[in-house]
Amino acid sequence: MRVMELQKNVKHGELPFFQKDVHNFFSRIQRENLDNDAVDLLEYCKSAKNENPSFQFDFTVDSENRLENIFWSLAHCFDLYQEYGDSTGFDTTYRVNSYDMPIGIFIGIDNHGRTILFGCALLRNETIATFCWLMKTFVTLIGKSPKTIITDQDPWMTQAISREMSFTKHAFCIWHITSKFSSWFTSLLRYQYSHLCAAFYRLYKLDNVEDFEREWPLLVSTFNLQENKHVRGLYEIKKSWVPAYLRDHFLDGMTTMGRCESINCFVKRFTTSRSCLTQLIKQVDLAVEDIGQTQLRHTMLDTYRG
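Using full-length UniProt numbering, read the sequence shown as starting at 1 and increasing by one per residue.
Below, the structure written as structure tokens:
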């Protein structure tokens, strides 16, 4: 409030205001900060592109010429994608805290089983138009569509992938699915909830479709979930998350629980900060550089052992 008093040149405690005034004031300050950050971010990307043409980026602006969305891929990520991008994960779980903007992360797994980055995006929102722009931009700048892409179950994202990556198999991450179980089933099943989780994981690991189709109705009836909308919904999309149905598609282990958790840890490394947008790119670059140094050490060890 003192900031507003100084701005309007009134004595302390004499500022007539309403809650809406305070909200509008801080919204305006946030927009101004975002505009300034956006200019710095674009200048940084242009400079990075001039220094290394392999650095890729593209962006959109709104009707007021303000930054809406931006995608970027660090210089060496193109080569990584050509080698390891057949199975690509995409995640929008996290946000840039300063502006509550979703950050989209395209990731993969290298031949040592470590998470690697293909590209990042900052998004104004999570609409179908935004996701369509992002998927199209990713394919254009990175050179090709992945054979398989693993995401959460966002319906707008699903439609965008279907439109812009029509030859890509779209699979759903089991970690995102099971992370909802607590809100879906805890109050409903109470003490039986842990038993449901254990039974579900056993079913998830079944090797063939016949076993899954035999065991699924048994699980549903055991916990009296025949009319549960979440259970029915999971069965309807079974071909997008059940490993037995995905055997003919290259997933590179990206749908396992452990892999999904490690990916989330990777993303957290540079999305929990309240720093400016340009600093975010630098944090991503440092995280990728650290991974690259680790990969180099392992490559040298492999060469030595060979």
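Each residue gets a CB set at the ideal place from its N, CA and C atoms; glycine is no exception.
Hey, is the stretch 122-136 in contact with the stretch 62-71, meaning 3+ C-beta pairs nearer than 8 angstroms? Touching, per the Cβ criterion.
Would you mind sorting Lys282 into buried or exposed? The rule is 16 or more other CB atoms within 10 Å of its CB. A residue is called buried once 16 or more other Cβ atoms fall within 10 Å of its Cβ, and Lys282, having fewer, is exposed.
Near Phe212, which residues of its chain fall below 7 angstroms by C-beta distance, leaving aside the five closest residues on each side in sequence? Spatial neighbours of Phe212 in its own chain (CB-CB distance under 7 angstroms, excluding positions within 5 residues in sequence) are listed in chain order as Leu203, Leu206, Val242 and Ala244.
Assign Ala160 to one of two classes, buried (16 or more other C-beta atoms within 10 Å of its C-beta) or exposed (fewer than that). Burial call: buried.
Measuring straight from C-alpha to C-alpha, what distance separates Phe55 and Lys49? Straight-line measurement puts the Cα of Lys49 at about 5 angstroms from the Cα of Phe55.
Beta-bridge partners of Lys238, as assigned by DSSP: Note: Lys238 sits in no beta bridge, so no partner.
Kindly indicate which residue of Phe90, Asp110 and Arg214 has the alpha-carbon position closest to the one of Ile103. Ile103 has its Cα closest to that of Phe90, out of Phe90, Asp110 and Arg214.
Close-in-space but distant-in-sequence residues of the same chain around Phe172 (CB under 6 angstroms, 5 per side omitted): Gln153, Ser240 and Trp241, listed in sequence order.
Report back the beta-carbon spacing between residue 307 and Ile149 to the nearest angstrom; my notes put them in contact at under 8 angstroms. Here the chain has residues from 1 to 306 only, and residue 307 is not among them.
Residue closest to Gln82, alpha-carbon to alpha-carbon, out of Pro53, Pro146, Leu74 and Phe57: For Gln82, the closest alpha carbon among the candidates Pro53, Pro146, Leu74 and Phe57 is that of Pro146.
Cα-Cα separation, His230 to Leu196: Rounded to whole angstroms, His230 to Leu196 spans 14 angstroms at the Cα level.
Around the Cβ of Ala198, are there at least 16 other Cβ atoms within 10 angstroms (buried) or fewer (exposed)? In summary, Ala198 is exposed, with fewer than 16 beta-carbon neighbours lying within 10 Å of its beta-carbon over all protein chains present.
Since Phe118 and Ser87 are thought to touch, with beta carbons under 8 angstroms apart, how far apart are those beta carbons, to the nearest angstrom? With 8 angstroms as the limit, Phe118 and Ser87 do not qualify as a contact, their Cβ atoms being about 11 angstroms apart.
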